[in-house]
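So the structure is just underneath, and the comments pick up after that.
In full-length UniProt numbering, the protein residues as written are 1 to 603.
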């Protein structure tokens, strides 16, 4: 993925801009490099999808695949239109920029910078306001190279990471530094700061016949995949897990090319984790050539230092290992770009928690007097020893929570009092409610009365922009391949917001509309498959593989010495993992291990 970076000073006379540019670009070892220096400012891009243009006295840096409304223009022509629109309309001009992008517009004469990222947050962008200006970039590693950047670790970010297993925007791992949210801009001057959203999805149910909507969906899918095929990045392959979205992308791609699609998947020699039979089914159905790499425990041990070094923030999604080896395997076979299927579940209601919350909504609809006077006094005092009664009590306890807090009732940090997990000194320096506040703000920004639409909007940020896209983009960059996301095509995204809830989910069936629309296109086994992805059997392998276990224990020992967590909690975590709950407790061990490895590399 192309990186963007830059800096602008609020005062004249500092003659180090060129040196600063070289320092920041040294953290982005991608080519080609485009740059422009105009004291006291510079901006640059590094990678195949970047451009820096001067127009009307402005410096404009573009990374990704931006389009001007529905037009695909060359970078210079797009920048010229953008410059004119910015001078006329300010940040409002961003509503005319479509596609996947990050951009910076610098006005050196007025010491002003506008930063923005695309509607889904595919291209990240972070910034820090320094004593004498603004430093910004796609990667925090670039910002760190600037001499004015303050690289103090943010304790709140550590807590948020342990809560979410990543650091959610707008927070970053560094104090006084922020990441843009999807569809957000910031306009910064010496004496002015303005932030806002230039795009909000419109959730307006359409009333077209379902058959007509299904036909339109297929058209959007075709156009989305076609837009992602860049002759300059040939040969292009596709990730293929065998799920709905990777199978759809592979199938549509197969219809656009005369030669078999090169599809890439990973496998595991671990019961319950290997998805290669489903990938094989989809590949055979569409005449694709399936290339499979089997990940081993030794591969995991080898990859961990690479991943810790490559990520600019701690990242605890274990499926990054599989994504990395899949992308590297494709690169080794000569592939320059991969199409990824991420996004379909968040557009068309495919995550299991949507059905779970629909069950809880039944309780919400009951009369309050019935719940307060009969159900809750009875259910909350049921004995815990009988499994059916325990489940009933758990259901009522969760159903009583408001949305969207209820979606996090399963979170590791809600299972144990925080005072037992964290040291008192650490808790004094953080706000434990910040993760829920972050979730609530994203949920409420949906501007919809629909619980389902609000959950989808929340997951565009938390699950996609902050997690899955960060996983795939970083691992592809580490492997040396470009990645494109057809399922997040803007026209497809906007189409999805008009599908009524009753079509998106029939009863508790996930992806109802999508499956019915593509039942004559996808294999039956794919339509019936449960969601999985490139999950890693770390907890199981840690129990079986000595080298991996030693790395995990050494990392936990190092983290213990930092004084953030109570030693007793770490002991209980490893004891529970050894006592037969390897998969469940392996998740938190992985999260802490990756945090410690990241801190060793970056802090």
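The beta carbon of each residue, even a glycine, is placed where N, CA and C say it ideally should be.
Inter-residue spacing [alpha-carbon to alpha-carbon] between residue 93 and residue 577: Stepping through the chain shown from its first residue, residue 93 is reached at position 93. Stepping through the chain shown from its first residue, residue 577 is reached at position 577. Rounded to whole angstroms, residue 93 to residue 577 spans 53 Å at the Cα level.
The segment 300–320 / the segment 211–220 touching (three or more Cβ pairs under 8 Å): no
Residue 485 and residue 340 closer than 7 Å at C-beta: Residue mapping note: residue 485 aligns to position 485 of the chain shown, counting from 1. Residue mapping note: residue 340 aligns to position 340 of the chain shown, counting from 1. Yes, Cβ-Cβ distance for residue 485 and residue 340 is below 7 Å.
Strand pairing of residue 66, partner residues [DSSP]: For the purposes of this step, residue 66 is taken as residue 66 along the chain shown, with counting starting at 1. Per DSSP, 99.
Where residue 467 falls: helix, strand or coil (DSSP): By one-based count along the chain shown, residue 467 stands at place 467. Three-state result, residue 467: helix.
CB of residue 138 within 7 Å of CB of residue 34, strictly: The residue given as residue 138 occupies position 138 in the chain shown. The residue given as residue 34 occupies position 34 in the chain shown. Cβ distance not < 7 Å, so residue 138 and residue 34 don't count as in contact.
Residue span of the beta strand (DSSP E) that contains residue 7, given as start and end: Translated into the one-based positions of the chain shown, residue 7 becomes position 7. Residue 7 -> beta strand (DSSP E) spans 3–9.
Same chain only: Cβ atoms within 6 Å of residue 76, ignoring 5 sequence neighbours per side: Mapped onto the chain shown, residue 76 falls at position 76. Result list for residue 76: 53, in chain order.
Beta-carbon separation (whole angstroms), residue 504 vs residue 349, contact threshold 8 Å: Taking the chain shown and counting its residues from 1, the one referred to as residue 504 is at position 504. Taking the chain shown and counting its residues from 1, the one referred to as residue 349 is at position 349. So it is a contact: roughly 4 Å between Cβ atoms.
Cα-Cα separation between residue 18 and residue 43, rounded to whole angstroms: Taking the chain shown and counting its residues from 1, one reaches residue 18 at position 18. Taking the chain shown and counting its residues from 1, one reaches residue 43 at position 43. Between residue 18 and residue 43, the C-alpha separation is close to 10 Å.
Option nearest residue 407 by Cα separation, candidates 420, 377 and 462: As a first step, residue 407 must be located in the chain shown, where it is residue number 407. When each option's Cα is compared against that of residue 407, the closest is 462.
Sequence ranges, alpha helix (DSSP H) only - wholly within the segment 469–494, length at least 4: 469–479
Residue 203 - DSSP class collapsed to helix/strand/coil: By one-based count along the chain shown, residue 203 stands at place 203. If DSSP states are grouped into helix, strand and coil, residue 203 belongs with coil.
Beta-carbon proximity list for residue 156, same chain, < 7 Å, skipping 5 on both sides: As a first step, residue 156 is located in the chain shown; it is residue number 156 there, counting from the start. If we look at residue 156 and ignore the five residues flanking it on each side, its Cβ neighbours are 171, 430, 431 and 434.
Cβ-Cβ distance between residue 322 and residue 294 below 7 Å: On the chain shown, position 322 is the one that residue 322 refers to. On the chain shown, position 294 is the one that residue 294 refers to. The answer is no: Cβ separation not under 7 Å.
Under 7 Å between C-beta atoms of residue 320 and residue 471: Numbered from its first residue, the chain shown carries residue 320 at position 320. Numbered from its first residue, the chain shown carries residue 471 at position 471. For residue 320 and residue 471, yes; Cβs fall inside 7 Å.
Beta-carbon proximity check, residue 64 vs residue 101, cutoff 7 Å: The count along the chain shown starts at 1 and reaches residue 64 at position 64. The count along the chain shown starts at 1 and reaches residue 101 at position 101. Cβ atoms of residue 64 and residue 101: closer than 7 Å.
Minimum C-alpha distance to residue 548 - residue among 134, 300, 381 and 347: The residue you call residue 548 lines up with position 548 of the chain shown. Of the candidates 134, 300, 381 and 347, the one whose C-alpha sits nearest the C-alpha of residue 548 is 300.
Extent of the continuous beta strand (DSSP E) run through residue 340: Within the chain shown, numbered from 1, the residue matching residue 340 stands at position 340. Neither: residue 340 is in no beta strand (DSSP E) and is coded neither H nor E.
Straight-line gap, residue 508 to residue 527 (C-alpha atoms, nearest Å): For this step, residue 508 is matched to residue 508 along the chain shown. For this step, residue 527 is matched to residue 527 along the chain shown. Answer to the nearest angstrom: the Cα atoms are 15 Å apart.
Cutoff 7 Å; reference residue 590; Cβ partners in own chain excluding five residues on either side: Here residue 590 corresponds to residue number 590 of the chain shown, with the count starting at 1. The residues are 316, 318 and 538.
Of the listed residues 23, 87 and 131, nearest to residue 9 (C-alpha basis): Taking the chain shown and counting its residues from 1, one reaches residue 9 at position 9. That would be 131, whose Cα lies nearest to the Cα of residue 9.
Alpha helix (DSSP H) segment containing residue 223, residue limits: Here residue 223 corresponds to residue number 223 of the chain shown, with the count starting at 1. Unbroken alpha helix (DSSP H) run through residue 223: 210–228.
Alpha-carbon spacing of residue 436 relative to residue 447, whole angstroms: By one-based count along the chain shown, residue 436 stands at place 436. By one-based count along the chain shown, residue 447 stands at place 447. Taking the straight line from one Cα to the other gives about 18 Å.
Helix, strand or coil at residue 116 [DSSP, three-state]: Indexing the chain shown from 1 puts residue 116 at position 116. Three-state result, residue 116: strand.
Limits of the alpha helix (DSSP H) - the one that residue 262 falls within: Here residue 262 is taken as the residue at index 262 of the chain shown, counted from 1. Where residue 262 is concerned, there is no enclosing alpha helix (DSSP H), although the beta strand (DSSP E) it sits in stretches over 262–268.
Contact under 7 Å by Cβ, residue 542 with residue 580: Within the chain shown, residue 542 is the residue found at index 542, counting from 1. Within the chain shown, residue 580 is the residue found at index 580, counting from 1. Against a cut-off of 7 Å, the Cβ pair of residue 580 and residue 542 comes out as no contact.
Inter-residue spacing [alpha-carbon to alpha-carbon] between residue 117 and residue 83: By 1-based counting over the chain shown, the position of residue 117 is 117. By 1-based counting over the chain shown, the position of residue 83 is 83. Cα to Cα, the separation comes out at about 17 Å.
Within-7 Å CB hit, residue 81 to chain C: In the structure shown, chain C does not exist; there is a single protein chain.
Cα-Cα separation, residue 496 to residue 347: As a first step, residue 496 is located in the chain shown; it is residue number 496 there, counting from the start. As a first step, residue 347 is located in the chain shown; it is residue number 347 there, counting from the start. Roughly 6 Å between the two C-alpha positions.
Residue burial classification, residue 428 (beta-carbon count within 10 angstroms, cutoff 16): Along the chain shown, one-based indexing puts residue 428 at 428. The residue in question, residue 428, is exposed, as its Cβ has fewer than 16 Cβ neighbours within 10 Å.
Three-state class that DSSP yields for residue 358 in the structure shown: By one-based count along the chain shown, residue 358 stands at place 358. Three-state DSSP puts residue 358 in a helix.
Residue span of the beta strand (DSSP E) that contains residue 38, given as start and end: Counting from one through the chain shown, the residue named residue 38 turns up at place 38. Counting along the chain, the beta strand (DSSP E) containing residue 38 begins and ends at 33–38.
Neighbourhood of residue 515 by C-beta, 6 Å cutoff - its chain only, sequence neighbours within 5 removed: Your numbering for residue 515 matches position 515 in the chain shown. The residues are 527.
Given residue 405 as reference, the closest of 413, 149 and 439 once Cα atoms are compared: What you label residue 405 is simply residue 405 of the chain shown in a count that begins at 1. If we check each option's Cα against that of residue 405, 439 comes out closest.
Cutoff 6 Å; reference residue 442; Cβ partners in own chain excluding five residues on either side: In the chain shown, residue 442 corresponds to position 442, counting from 1. Result list for residue 442: 458 and 461, in chain order.
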